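Input: a single structure, listed below in structure tokens.
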Amino acid sequence: MNQRPTREQVEFLRQQYPAGTRITLHSMDDPQAPPPGTKGTVSYVDDMGQIGVKWDTGSSLSLIPGEDSFSKEPALEKTKHKRSRDLER
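Numbering (the working numbering), first residue to last: 2 to 90.
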């Protein structure tokens, strides 16, 4: 996003990338960028629409949608656990 995003665009990004979302970096034009393929966890989306990421390498560096290339990891399915006494019925 080369210009300041609208409030609606920022809110959309916050819905798409809530804190805890896992992402994979494909490319970033920044000398401090982690290598392609690095995974990380979204910490926040700021008011400028930048996605704050805590990278698995230990660094923190924000992604800029529209400039950096990245993808969201598929969410892990939560398995439903039945309580043992429910299984006895």
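Just so it is clear, CB atoms sit at the ideal spot from N, CA and C, and this is done for glycine as well.
Computed from a prediction, not measured in an experiment: that's the story for all the values here.
Per-residue DSSP class, three states only, for residue i
i, result
"R23", "strand"
"L77", "coil"
"L14", "helix"
"V43", "strand"
Classification of residue i by the beta-carbon crowding that lies within 10 angstroms, buried from 16 upward
i, result
"Q51", "buried"
"P58", "Just to set this straight, residue 58 is Thr in the shown sequence, not Pro. So T58 counts as exposed."
"T1", "In the structure as shown, the chain begins at 2 and stops at 90. Residue 1 is therefore absent and cannot be evaluated."
"L77", "exposed"
"P6", "buried"
"R90", "A caution first: R90 carries a pLDDT of 48, below 50, which makes its placement in the model too unreliable to give a value."
Cβ-Cβ distance between residue i and residue j below 9 Å
i, j, result
"S72", "S28", "no"
"R23", "T42", "yes"
"L26", "P19", "no"
"S60", "G53", "no"
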